[in-house]
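Take a look at the structure set out below.
2 protein chains.
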Amino acid sequence: MKIVCIGSGNVGTHMANAFKENEADIVQVWSKDPANAAALAFETGAQAIADLEDIDLNADLYLIAVKDDAIAKLVRALKAVNGLVVHTSGATDMNVLSGIKNYGVFYPLQTFSKEEPIDFIHVPLCLEANSAENLSALRLIAVKLSPLIYEVNSEKRKILHLAGVFACNFVNHMYRLSQQIVEKQGLDFEILRPLIMETAVKAQNALPEDVQTGPAARNDKQTILKHEELLQKLPHLLEIYKILSNSIKKTR
Amino acid sequence: MKIVCIGSGNVGTHMANAFKENEADIVQVWSKDPANAAALAFETGAQAIADLEDIDLNADLYLIAVKDDAIAKLVRALKAVNGLVVHTSGATDMNVLSGIKNYGVFYPLQTFSKEEPIDFIHVPLCLEANSAENLSALRLIAVKLSPLIYEVNSEKRKILHLAGVFACNFVNHMYRLSQQIVEKQGLDFEILRPLIMETAVKAQNALPEDVQTGPAARNDKQTILKHEELLQKLPHLLEIYKILSNSIKKTR
Chain L
965 MKIVCIGSGN VGTHMANAFK ENEADIVQVW SKDPANAAAL AFETGAQAIA
1015 DLEDIDLNAD LYLIAVKDDA IAKLVRALKA VNGLVVHTSG ATDMNVLSGI
1065 KNYGVFYPLQ TFSKEEPIDF IHVPLCLEAN SAENLSALRL IAVKLSPLIY
1115 EVNSEKRKIL HLAGVFACNF VNHMYRLSQQ IVEKQGLDFE ILRPLIMETA
1165 VKAQNALPED VQTGPAARND KQTILKHEEL LQKLPHLLEI YKILSNSIKK
1215 TR
Chain H
965 MKIVCIGSGN VGTHMANAFK ENEADIVQVW SKDPANAAAL AFETGAQAIA
1015 DLEDIDLNAD LYLIAVKDDA IAKLVRALKA VNGLVVHTSG ATDMNVLSGI
1065 KNYGVFYPLQ TFSKEEPIDF IHVPLCLEAN SAENLSALRL IAVKLSPLIY
1115 EVNSEKRKIL HLAGVFACNF VNHMYRLSQQ IVEKQGLDFE ILRPLIMETA
1165 VKAQNALPED VQTGPAARND KQTILKHEEL LQKLPHLLEI YKILSNSIKK
1215 TR
């Protein structure tokens, strides 16, 4: 299978490498940043291209992994290709690609950082395509990477992307605030890591609503007051503490 | 080693069972709820007692695992005992036990639900005692359960407890809100589980501030606006979305 990778950020890098490990040929890499394209091209044995006019028209898959608002601008350059063109965005409608012959969405519902290795066996792939035939083709490509294949239309994909912000970005921000709290007192974030892990492990087996613990869930007013006192000098965290404690109480 | 367990909730139950598995004798269990005490006593081969006047004066360890505001009331009943008396609370000063001969704190920094099994190898134990001798004794007891032993005074323990609310209780609440978002659209929470796991795994190796992803971290205003639109019918979640997105931007 011949793949052209358009974009070389977190998502493009991890996906190109995962495909390569599964014996696909990454034939070209394009990025608006030529140095970035060159780096990923070198890593995957591809050709780096600086101009989309030089794109190989006969690849099997064109993987768009650029910023959401840059996707539409690529359509003109991809009109002439023969393979399947997919974007990887959670928040962007599939129709942004209409005008291309064969197109779809290949959305990995996962968090990617360049430095952190990732095993695609744990990456849910949300697929959508402009025809049943293209969806089948996309499914055959996807199963090479992950057993977690979901058929999701654009509306539902946007909902998953939004839910992902709560389940990942806001969660990591909570970790970050807890880091701030302990480091301010000369304590090491390391001591919180097992708690973070166990909280995630619980959510693998149970539903979050069934395993909520803590002072707000118990409505332990005395502890909540003590915590609010400890946060007097961090008003920004105090505000978040109050809002989230109230939200937990509300959803009991 | 002979242990008396005072309290039979989430923490008492898991700790008594963990000690039993490590060949300690749970000799007595007391709880304000006699049925609960009887259940844990049966599970651990202990005697259930309904009256603290019947307490065995010669155990090695008295483990207090009751609600925070009930700890102080136990002091009178425990004045005559010869062993080491510890409470397991994160938010309560050690001095609540002063008046007893040998006392301290044995705080497991972890989230416990009765139904979920827990491996104490992953439970950080925060220790404090009223003398160097008692601290040594407590350390010898603690290493039987977990290699994660920390010496933490009452002030710092309260900070850890507060940080734990962010790193666990608020995190689980974020999971819960994401559950609400997907279920409202007929999607299964299951699809978010790998993302939840990966977010926690990242925090095991990196610092949260170094791996923050998402639209707020990228200051991707278009996506944030789209998300806010999707949340119009969930004003409670919209408020939280805005506050946390702003907080992420602020801490960049």
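Protein chains in written order, with my numbering: chain L, 965 to 1216; chain H, 965 to 1216. Idealized CB from N, CA, C, for every residue including glycine.
Taking 7 Å as the cut-off, decide whether the C-beta atoms of residue i and residue j are in contact.
i: H:V1050; j: H:G1063; result: no
i: L:A1012; j: L:A1023; result: no
i: L:V993; j: L:A999; result: no
i: H:I943; j: H:A980; result: Past the edges of chain H, shown from 965 to 1216, lies residue 943 of chain H, and the structure says nothing about it.
i: L:H1125; j: L:A1055; result: yes
i: L:N1098; j: L:L1042; result: no
i: L:T1163; j: H:C1132; result: yes
i: L:Q1176; j: H:L1159; result: no
i: L:L1089; j: L:I1113; result: yes
i: H:L1021; j: H:A988; result: no
i: L:F1153; j: H:L1208; result: no
i: L:I1035; j: L:I1028; result: yes
i: L:I967; j: L:L1025; result: yes
i: H:K984; j: H:T1008; result: yes
i: L:L1151; j: L:E1115; result: no
i: H:L1195; j: H:L1202; result: yes
Using beta carbons (cut-off 7 Å, strictly below), is residue i in contact with chain H?
i: L:R1157; result: yes
i: L:H1100; result: Note that residue 1100 of chain L corresponds to Ser in the displayed sequence, not to His. No, L:S1100 does not count as interfacial toward chain H.
i: L:K1190; result: yes
i: L:Q1011; result: no
i: L:D1092; result: The residue asked about is misnamed: residue 1092 of chain L is Glu in this sequence, not Asp. So no, L:E1092 is outside the interface.
i: L:S995; result: no
i: L:L1109; result: no
i: L:D1152; result: no
i: L:I1035; result: no
i: L:I1028; result: no
i: L:I1212; result: yes
i: L:L1038; result: no
i: L:S1077; result: yes
For residue i and chain L, any beta-carbon pair shorter than 7 Å?
i: H:Q1196; result: no
i: H:P1172; result: yes
i: H:S1142; result: yes
i: H:E1080; result: yes
i: H:P1088; result: yes
i: H:L1202; result: no
i: H:K984; result: no
i: H:E1162; result: yes
i: H:V1069; result: no
i: H:I1145; result: yes
i: H:V1175; result: yes
i: H:L1042; result: no
i: H:K1166; result: yes
How many angstroms separate the CA atom of residue i from the CA atom of residue j?
i: L:A982; j: L:Q1168; result: 25 Å
i: H:D1083; j: H:P1111; result: 12 Å
i: H:D1033; j: H:D1057; result: 11 Å
i: L:N1066; j: L:R1103; result: 14 Å
i: L:E1079; j: L:K1185; result: 42 Å
i: H:A1003; j: H:N974; result: 13 Å
i: L:I1155; j: H:E1173; result: 16 Å
i: H:K1190; j: L:K1148; result: 36 Å
i: H:V1087; j: H:P1072; result: 6 Å
i: H:A1096; j: H:R1040; result: 24 Å
i: H:S972; j: H:K1037; result: 17 Å
i: L:A1127; j: H:V1060; result: 43 Å
i: L:D1015; j: L:S995; result: 9 Å
i: L:E1192; j: L:Y1205; result: 8 Å
May I ask you to list, following chain order, the residues of the stretch 1111-1140 of chain L that have a beta carbon less than 9 Å from some beta carbon of chain H? L1112, Y1114, V1116, E1119, K1120, K1122, I1123, L1124, H1125, L1126, A1127, G1128, V1129, F1130, A1131, C1132, N1133, F1134, V1135, N1136, H1137, M1138, Y1139 and R1140
So if I threshold CB-CB distances at 7 Å, which residues from the stretch 1046-1062 of chain H count as touching chain L? The residues in question are A1055.
For the structure I just gave you, are there three or more beta carbon pairs, one from the stretch 1177-1191 of chain H and one from the stretch 1206-1214 of chain H, closer than 8 Å? Contact holds: three or more Cβ-Cβ distances are below 8 Å.
Contact residues within the stretch 966-982 of chain H, judged by C-beta distance below 7 Å to chain L: none
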